[in-house]
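Chains S and Y are the protein sequences, given in the same order. Each step along the first sequence adds one to the number in numbering that gives the first Met the number 0, with nothing skipped, and position 3 is 2. Each step along the second sequence adds one to the number in numbering that gives the first Met the number 0, with nothing skipped, and position 131 is 130. Structure, as structure tokens:
There are 2 protein chains.
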Amino acid sequence: MAAGARLDETEMRAWRALLQASTLLVERLDRELQADHGLSLSEYEVLVLLQQAPRHRRRMSELAGDALLTRSRLTHTVDRLERAGLVRREACETDRRGSFAVLTRDGYRMLARASRTHLAGVRGRFLEPLDPGQVAVLADALGQVAAELRTEVSPGSATTS
Amino acid sequence: MAAGARLDETEMRAWRALLQASTLLVERLDRELQADHGLSLSEYEVLVLLQQAPRHRRRMSELAGDALLTRSRLTHTVDRLERAGLVRREACETDRRGSFAVLTRDGYRMLARASRTHLAGVRGRFLEPLDPGQVAVLADALGQVAAELRTEVSPGSATTS
DNA sequence: CAACAGTCGTTTCACGTTCAATCATTCCCG
DNA sequence: CGGGAATGATTGAACGTGAAACGACTGTTG
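As structure tokens, then:
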């Protein structure tokens, strides 16, 4: 499909900027988190999701979905977090295939510390250089894009035709 | 440093949206490129940089810098592209430590095909849901953020104090 | 010109991620 | 109820990436 899908100058700039900003941002924040707390960004995100959940516990699948991680990847990630004592697994009574990841006391404390580093990083590197108007537009625009993508079905449907 | 670096609701939304949009976008575009042409997104980007360069050739280091890739990673990437016949290496006469990556005829053709897929994907998934005003703000705002980050020095200076 | 620090690119190795296969369990339908 | 498809989660191997060490060469300094 779509033969000559040329992008004009602004479109090109927007796309490249998105790619570069997110790449650099993630790289820096990840490095910082790793250096200061021994946590990767995706490990951190899993902890955040757990902390926000009722009883600090969530099913593995849900967690994978919200964290934008593969099931397999989440399994490995939770393995690491469990070894570090930040999370523990619990069996699910109502569906014996499933299991919960639960934030431990240590995990909670770690998250409290790590989030200071992380949020300061987000503010300093992402929010700081922008004015409130830009931030609001980013939130809306990128929110739309993300929502659209989350809706897209998995199998080779859609634009591929 | 920075103790209570809380983010307000819009700031939080902007940050999460950036992360999710870029993650999903890259994942989809990468998969599409891979399925249709056997190229990863970073391989594609290397080809684009080469195509834009005078004589379709660039020094490995420059290439790594512009593609936001580690030197090591670029070496591996160019290895793969070379095996696929899309790029070849040439020695640098004036500095015998260095080498060039050069786009081959096949690489050029592959890029022509792949870019149709890729640009259609960028348009359909990123640009389409946005209006021109939003695109312009994204280009500026994320451009600022990226520029800021590119300036940041490498060793553990900055906010770490 | 000798010595030494710095740069270019590669290599090696450890680690995180992906993919496909697997196991256990639940759901659906006749 | 029984059988097969679907789902939740894990496993293991293959692969890509990052960090550190390395060899080769250059540039500088005395």
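Don't be surprised by glycine CBs; every beta carbon is placed ideally from N, CA and C. Remember, predicted model here, so these are calculated numbers, not experimental data.
Check: Please classify Thr93 of chain Y: is it buried, with 16 or more other beta-carbons within 10 angstroms of its beta-carbon, or exposed?; Outcome: exposed
Check: So is Ala52 of chain Y in contact with chain S if we call contact Cβ pairs under 9 Å?; Outcome: no
Check: From this set, S:Ala13, S:Arg5, S:Trp14, S:Ser21, which residue's C-alpha is nearest Arg124 of chain S's C-alpha?; Outcome: S:Ser21
Check: CB-CB under 8 Å to Arg88 of chain Y, same chain, minus the five flanking residues each way: which ones, in chain order?; Outcome: Val77, Glu81, Ser98, Phe99, Ala100, Val101
Check: I'd like the list of long-range same chain contacts for Arg57 of chain S, defined as Cβ closer than 7 Å, with 5 residues on each side in sequence excluded.; Outcome: Leu48, Leu49, Phe99, Ala100
Check: Applying a beta-carbon distance threshold of less than 7 Å, which residues of chain S neighbour Val134 of chain Y?; Outcome: Thr9, Glu10, Ala13
Check: In the structure shown, what three-state DSSP assignment does Ala119 of chain Y receive?; Outcome: helix
Check: Name, in chain order, the residues that DSSP records as bridge partners for Ala90 of chain S.; Outcome: S:Ser98
Check: With burial defined as no fewer than 16 other Cβ atoms inside 10 Å of the residue's Cβ, what is the status of Glu127 of chain S: buried or exposed?; Outcome: exposed
Check: Cα separation between His36 of chain S and Ala66 of chain S?; Outcome: 20 Å
Check: Where does Arg5 of chain Y sit, in a helix, a strand or coil, going by DSSP?; Outcome: coil
Check: Using a Cβ-Cβ cutoff of 7 Å, what residues of the region 46–74 of chain S are near chain Y? List them in chain order.; Outcome: Leu67
Check: Applying the 10 Å Cβ sphere with the 16-neighbour rule, what's the burial state of Arg138 of chain Y?; Outcome: Per the sequence presented here, residue 138 of chain Y reads as Ala, with Arg not at that position. With 16 or more other Cβ atoms within 10 Å, it is buried.
Check: Using alpha carbons as the reference points, say which of S:Val136, S:Leu148, S:Asp105, S:Glu147 lies closest to Leu46 of chain S.; Outcome: S:Asp105
Check: Where do the N-terminal and C-terminal ends of the alpha helix (DSSP H) with Arg161 of chain Y fall, by residue?; Outcome: This structure leaves residue 161 of chain Y out entirely; chain Y is present only between 0 and 160.
Check: Would you mind working out which of S:Met11, S:Glu26, S:Tyr107, S:Arg5 sits nearest Ala52 of chain S, comparing C-alpha positions?; Outcome: S:Tyr107
Check: Measuring only between beta-carbons, confirm whether Glu147 of chain S sits less than 9 Å from chain Y.; Outcome: yes
Check: List, in order along the chain, the chain S residues whose C-beta lies closer than 7 Å to that of Thr22 of chain Y?; Outcome: Leu67
Check: Taking Arg79 of chain Y as part of the alpha helix (DSSP H), name the residues at either end of that continuous run.; Outcome: 70–82
Check: Apart from the five residues on each side of it in sequence, which residues of its chain come closer than 8 Å, Cβ to Cβ, to Thr74 of chain S?; Outcome: Met59
Check: Kindly indicate the opening and closing residues of the alpha helix (DSSP H) around Leu62 of chain Y.; Outcome: 59–66
Check: Counting only the same chain and skipping the five closest in sequence on each side, list residues whose C-beta sits under 7 Å from that of His117 of chain Y.; Outcome: Leu28, Leu32, Tyr43
Check: Using DSSP's beta-bridge definition, name the partner residues of Arg56 of chain Y.; Outcome: Y:Val101
Check: For a cutoff of 9 Å on Cβ pairs, would you count Leu32 of chain S as touching chain Y?; Outcome: no
Check: Which chain Y residues are close to Gly142 of chain S, counting only those with a beta carbon under 7 Å from its beta carbon?; Outcome: Arg12, Ala16
Check: Taking all protein chains shown into account, decide if Glu8 of chain S is buried (16 or more other Cβ within 10 angstroms of its Cβ) or exposed.; Outcome: exposed
Check: Using beta carbons (cut-off 9 Å, strictly below), is Leu6 of chain Y in contact with chain S?; Outcome: yes
Check: What residues of chain S sit near Ala138 of chain Y, judged by a beta carbon separation below 7 Å?; Outcome: Thr9, Arg12, Ala13, Ala16
Check: Hey, how far is the Cα of Glu10 of chain Y from the Cα of Ala135 of chain S?; Outcome: 8 Å
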